Amino acid sequence: MQTGLLRSTDGGSTWGQSELHNVSSYCLINNGTNIFTGTGGYGVYKSSNNGLNWTQTSLNTYNIPSLAYNGNTIYAGSDNGVYKSSDNGLNWILTPLNNEIIFSFAVNGENVYAGGGYGFLSSTNGGLNWTQTAFNEIGLSLALKGNDVYIGTYNGIFLSINNEATWTATSLNNESVRSLAISGNTIAAGTDFNGVFISTNSGNTWTQTSLNDKDIYSIVINNNVIYAGTYENGIYLSSDNGQTWLQKNQGLGPASVYGLLISDAFIYSGVEANSVWKRSISEIIGIQQISSIVPQTFMLKQNYPNPFNPNTNLEFGISKLGFVSLKVYDMLGMEIKTLLNTNLSPGQYKYQFDGSGLSSGVYFYKLETSGFNEVKKMTLLK
628 MQTGLLRSTD GGSTWGQSEL HNVSSYCLIN NGTNIFTGTG GYGVYKSSNN GLNWTQTSLN
688 TYNIPSLAYN GNTIYAGSDN GVYKSSDNGL NWILTPLNNE IIFSFAVNGE NVYAGGGYGF
748 LSSTNGGLNW TQTAFNEIGL SLALKGNDVY IGTYNGIFLS INNEATWTAT SLNNESVRSL
808 AISGNTIAAG TDFNGVFIST NSGNTWTQTS LNDKDIYSIV INNNVIYAGT YENGIYLSSD
868 NGQTWLQKNQ GLGPASVYGL LISDAFIYSG VEANSVWKRS ISEIIGIQQI SSIVPQTFML
928 KQNYPNPFNP NTNLEFGISK LGFVSLKVYD MLGMEIKTLL NTNLSPGQYK YQFDGSGLSS
988 GVYFYKLETS GFNEVKKMTL LK
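Number 1009 marks the last residue of the sequence shown (the working numbering); no jumps.
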C-alpha cells in the first residue's frame, strides 16, 4: 500500500501521492478554504488547496487527537492540554487547560467543550478560562444538539441539558463510544467492538445497526448518508439509517480510519500511519455524473441490464438544482433502500445499484424531486 496523503484528480477513480508522508492523521476539520489535520507526534498540519499540499504549523509536536474551530480560531486538543490559534494556525498559545490529554471537542460560538482524561471541561470565553464539572468519566467523543451536550465514554453516552448543568446516562450505557455525529434528531454512535448505534429520538432509545461487529473510530452524517471509519476495515457507508452498509475501500485497503471530514464534495479520511486520503462524495456513494448537459425536463430511464444480477445502472436527468430522492421498493410497495437523498446540480447521472443482498424478484425504483416523480420496474434474477 502507498503511504502519505493521496489525492484524486479524476473524481476518485485513481489516486496520486502528495507530500505528507508516513504520518498518522487523528482528526480533520475545515475552516473556510483551509483543512487542518491533527497528527500523531507531529502537531497540526494545514492545507489551503484541498489537500494538494500541506504545511506543518508552528504547533509541530505532541499528539493531536482532536480539533475544532470557531471562525478563524482553531482549538487543538493534545496530550499536553488545549492549544489555541486566533490566526488560522499561524501562531498557537497554550490555554490555562494544560497537562491534560484532550480526546474530543465541541464548539458553539465562545462556548468550548472538551472531553479529556479527567472528564468534561468547558469554557464560556473561547478557552481563556476553563471549568471542570463533577462528571468524572473519560470524554472520548462530544457532540452538540442546540444547548444539549452528548458525551461518549467508556461507559456509554451521557446527556447534559442546557450546557452541562447535570448529567444523565442514556440507555446506551454499556458501550465504549469513541465517535458521535448528529443530524437533526438522528444521532449516530460509533463503539468499540459492537459497531454503530442509531437514535432517532435525540438519544432516548438506541438501535444497533447491521454494522455490529467493528470498532468505529470516526463517524459523520452528510445528506442523510452515514459514513463510519473503522479499525483496520476502512470506511463503510449507509444511506438507509444503518439498515444496510457498503464497504468503500477501493484504493484505500484495510486502513484504520481515525478521522472523517466532508468538504467541497469530497470525503477526507485520516488514517493511522498513512496520513489523509481524499475521494469524491458522488463517486463513493455510487452516483456518477455522466454529462453536464442540462436536460429540458427531469427524466428517469429504464435500468440496464434488465433483468440483472446483482448490479444494474439507473440513469436519470436533473433539469434544475434541487433535492433528489432515489429509492427502491418491493412488490408490496415497501421501501427497500434509499439510494439518494441529497441535493444535485443540473445534469445527467448514473447510479450503480447493487442488489446482492436481495432475493430474486420484481422491484421498483422511484425518482422524486420538487414537482416531479417517476417509477420504473426492474427484475433481479439470481
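Using N, Cα and C, we set each Cβ at its ideal position, and we do this for glycine too. If you're wondering where the values come from, they're calculated on a predicted model, not measured in any experiment.
The C-alpha of ASN789 lies about 22 Å from the C-alpha of TYR702.
Put simply, of PRO934, SER907 and THR965 the residue whose alpha carbon is nearest the alpha carbon of VAL989 is PRO934.
Between VAL884 and VAL903, the C-beta gap is not smaller than 8 Å, which leaves the two residues out of contact. Judged by pairs of C-beta atoms under 8 Å, the stretch 657 to 677 touches the stretch 687 to 703, as three or more such pairs exist. When the beta-carbon positions are compared, VAL734 and ASN697 come within less than 8 Å of each other. Taking 8 Å as the cut-off, the beta carbon of ASN699 is found closer than this to the beta carbon of ASN715. In the same chain as VAL955, and ignoring 5 residues on each side of it, the C-beta atoms closer than 6 Å to its own belong to ILE963, LYS964, TYR990 and TYR992, in chain order. The Cβ atoms of GLY670 and ASN687 lie closer than 8 Å to each other. Under DSSP, the beta-bridge partners assigned to TYR710 are ALA703 and LEU721. For SER909, the enclosing alpha helix (DSSP H) starts and ends at 908 to 911. Residue environment: GLY668 is assigned as exposed (fewer than 16 neighbouring CB atoms within 10 Å of its CB, all protein chains considered). Uninterrupted beta strand (DSSP E) stretches at least 3 residues long and entirely within the stretch 750 to 803 occur at 768 to 772, 775 to 780 and 783 to 787, given in chain order. If you draw a straight line from the Cα of GLY984 to the Cα of GLU737, it is about 47 Å long. Excluding sequence positions up to five before and after ILE720, its CB lies within less than 6 Å of the CB of LYS711, all in the same chain and listed in chain order. Rounded to whole angstroms, the Cβ separation of GLY944 and GLN975 is 5 Å, and the two are in contact under 8 Å.
By the neighbour-count definition (other C-beta atoms within 10 Å, threshold 16), ALA892 is an exposed residue. Here SER909 is actually not in contact with PHE925; their C-beta atoms are around 18 Å apart, not less than 8 Å. The beta carbon of PHE732 lies closer than 8 Å to those of SER693, LEU694, ALA695, TYR702, GLY704, VAL739, TYR740, ALA741, GLY742 and LEU769 in the same chain, with the five residues before and after it left out. The beta-carbon distance between THR836 and GLY822, rounded to whole angstroms, is 6 Å. This is short enough to meet the 8 Å contact definition. Ranking ILE914, PRO937 and GLU942 by CA distance to the CA of ASN930 puts GLU942 first.
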